[in-house]
Amino acid sequence: MPLVTTKEMFEKAYKGGYAIGAFNVNNMEIVQGITEAAKEVNAPLILQVSKGARAYANHTYLIKLVEAAVAETGLPIALHLDHGSDFELCKSCIDGGFTSVMIDASSKSFEDNIALTRQVVEYAHDHGVVVEAELGTLAGVEDEVNVSAEDSSYTKPEDVQEFVERTGCDSLAIAIGTSHGAYKFKPGTNPQLRFDILEDVAARLPGFPIVLHGASSVPQNFVEIINANGGNMPGAIGVPEDQLRKAASLAVCKINIDSDLRLAMTASVRKYFAEHPDHFDPRQYLTPARSAIKDMVKHKIINVLGCDGKA
Ligand code: G3H
Ligand code: 13P
Ligand code: ZN
10 MPLVTTKEMF
20 EKAYKGGYAI
30 GAFNVNNMEI
40 VQGITEAAKE
50 VNAPLILQVS
60 KGARAYANHT
70 YLIKLVEAAV
80 AETGLPIALH
90 LDHGSDFELC
100 KSCIDGGFTS
110 VMIDASSKSF
120 EDNIALTRQV
130 VEYAHDHGVV
140 VEAELGTLAG
150 VEDEVNVSAE
160 DSSYTKPEDV
170 QEFVERTGCD
180 SLAIAIGTSH
190 GAYKFKPGTN
200 PQLRFDILED
210 VAARLPGFPI
220 VLHGASSVPQ
230 NFVEIINANG
240 GNMPGAIGVP
250 EDQLRKAASL
260 AVCKINIDSD
270 LRLAMTASVR
280 KYFAEHPDHF
290 DPRQYLTPAR
300 SAIKDMVKHK
310 IINVLGCDGK
320 A
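Just so you know, we're using this note's numbering here: the sequence shown kicks off at 10 and counts up by one.
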């Protein structure tokens, strides 16, 4: 089976009350950990590549790794550009074999966001590729962009219909209180996603797939393992998993998770070196790291996304 777009995945997810996991990939072990988990529980997958990942690993290596994962698993897998910043980057990924791109013009004015998104949609659709756009601004860190909590803004439901109609985008990322990175909310606070906004957006866009970025939950046991083994991560908490599960049962069809995989991998490597200070063969410490990613992804698929058995 070749790489697929997200069209059919999202139609089924919307009707079935579940979401597809979009996991960021940067190297072979991450691709293998994610796809081995999905294979075991028969889940469809979105593997996404950021501008930074593409600079780190090289477009061709990433494409070949993902193609290898498709061949190994036989699963429906979409290859997606995460946070495309401009037309040229989106075009390069479309020309280079991606089946889905995000154009993130959420920091621009409403009219400029529409114009740039429309330009990407026209090119993408001519090439059989689907487009995710974003309205509203999430707090947190992504690539070189660092948005403070004060500069973040919730999506305005009254804007979404006009935006989708004028751009022709295939899915829409909205801001309802999630944020990027491992430092989302202060410990002791009680994060609450704005389900009122999600429900209002869904009512204005019946059947249309909604995307949530910044959806890691920052499991405290991993932060503790990192800090117990030479790390120094300040306290932080993430998005409660029960709230993500609820979002997945509503209009949210794609949930982006990166930081939790980073935490799982880093905790594993730090623990390994603390226990085996004399080891230096990368295969020795990357084997448990890959398993840690696999366990994390399996947990997300079964307990958060609900897409197990849906491939
Ligand atoms: O939202 C951003 C993703 O976590 C990707 O992060 O740009 O550091 O690769 P990155
Ligand atoms: P997290 O940092 O919460 O994992 O979000 C990842 C993301 O939104 C990628 O686009
Ligand atoms: Zn994101």
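Glycine residues also receive a C-beta, built at the ideal position from the N, C-alpha and C atoms.
May I ask you to check if the CB of residue i is nearer than 7 Å to at least one heavy atom of the ligand ZN?
| i | result |
| --- | --- |
| Gly145 | no |
| Asn265 | yes |
| His222 | yes |
| Asp287 | no |
| His92 | yes |
| His189 | yes |
Tell me whether the beta-carbon of residue i lies closer than 8 Å to the beta-carbon of residue j.
| i | j | result |
| --- | --- | --- |
| Lys307 | Glu49 | yes |
| Pro297 | Ser277 | yes |
| Val129 | Val139 | no |
| Ile72 | Leu56 | no |
| Ala320 | Ala77 | no |
| Ala31 | Leu84 | no |
| Phe107 | Leu88 | yes |
| Leu147 | Gly247 | no |
| Ile264 | Leu314 | yes |
| Lys145 | Ile183 | Inspection of the sequence shows that residue 145 is occupied by Gly rather than by Lys. Yes, Cβ-Cβ distance for Gly145 and Ile183 is below 8 Å. |
| Phe217 | Leu181 | yes |
| Leu272 | Pro228 | yes |
| Val261 | Ala114 | no |
| Lys303 | Glu81 | no |
Using 10 angstroms around the beta-carbon of residue i, count the other beta-carbons present and answer buried if the total reaches 16, otherwise exposed.
| i | result |
| --- | --- |
| Gln201 | exposed |
| Asn241 | exposed |
| Lys117 | exposed |
| Gln170 | exposed |
| Phe231 | buried |
| Pro166 | buried |
| Gln293 | exposed |
| Asp179 | buried |
| Gly186 | buried |
| Met10 | exposed |
Tell me whether residue i counts as near the ligand G3H, meaning its Cβ is closer than 7 Å to at least one heavy atom of that ligand.
| i | result |
| --- | --- |
| Asn33 | yes |
| Gly61 | yes |
Compute the beta-carbon to beta-carbon distance between residue i and residue j, rounded to the nearest angstrom, for a pair I have assumed lies under 8 Å.
| i | j | result |
| --- | --- | --- |
| Gly190 | Gly149 | 4 Å |
| Ile123 | Thr164 | Rounded, the Cβ-Cβ distance is 14 Å, inconsistent with contact. |
| Asp91 | Ser59 | 5 Å |
| Ala66 | Ile112 | With a Cβ gap of about 22 Å, Ala66 and Ile112 do not count as contacting. |
Give a single yes or no on whether residue i has its beta carbon closer than 7 Å to a heavy atom of the ligand 13P.
| i | result |
| --- | --- |
| Asp317 | no |
| Ser109 | no |
| Asp269 | yes |
| Ser115 | no |
| Ser277 | no |
| Ser161 | no |
| Ser225 | yes |
**Message:** Counting beta carbon pairs with one atom in the region 156-175 and one in the region 228-238, are three or more of them shorter than 8 Å?
**Reply:** no
**Message:** Below 8 Å, how does it come out for the region 188-196 and the region 22-37: are there three or more Cβ pairs, yes or no?
**Reply:** no
**Item:** Validate contact between the region 20-28 and the region 94-104 using beta carbons, cut 8 Å, 3 pairs
**Value:** no
**Message:** If contact is defined by three or more beta carbon pairs under 8 Å, each pair taking one atom from either stretch, is the region 280-291 in contact with the region 252-271?
**Reply:** no
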